[in-house]
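K.L.:
Dropping the structure in here first, questions after.
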Amino acid sequence: ATAPDVAPDAFYGPRLGWRGAPARSWRAKWTLDDASGERLWAASEKLTGVAYGFPPR
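Under our numbering, the first residue of the sequence shown carries the number 187, and numbering increases by one thereafter.
Written out as structure tokens, the structure reads:
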């Protein structure tokens with residue numbers, strides 16, 4: 187987002203969850219779990235055959 191009032195590390199999505207004007211929204215707790223993110227990224231690379239070579243966090 188490029189608006190000056192956008193908060194850092196905030197999630198913005200449809201105001202009503204599925205549709206609607208953009209608004210600051212909630213994030214599910216599992217989306218903040220680094221181990222889950224690393225597993226998802228590894229599975230995505232394996233399934234697509236595309237590896238970006240980012241160093242581990």
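All C-beta atoms in this analysis are idealised placements derived from N, C-alpha and C, irrespective of residue type, glycine included.
Predicted model, so just to flag it, every value in this text is computed and none were measured.
In whole angstroms, what is the alpha-carbon distance linking A237 and E224?
P.N.:
Going from the Cα of A237 to the Cα of E224 covers about 13 Å.
K.L.:
Quick check: what's the CA-CA separation for E231 versus L218?
P.N.:
Approximately 20 Å, taken between the alpha carbons.
K.L.:
Report the residue from S211, K215, G235, T234 whose alpha carbon sits nearest the alpha carbon of A193.
P.N.:
Measuring C-alpha to C-alpha distances from A193 to each of S211, K215, G235, T234 identifies S211 as the nearest.
K.L.:
Output the boundary residues of the alpha helix (DSSP H) element that contains A221.
P.N.:
Unbroken alpha helix (DSSP H) run through A221: 220-234.
K.L.:
Give me the residue from G239, A229, A214, F240 with the minimum Cα distance to F197.
P.N.:
A214
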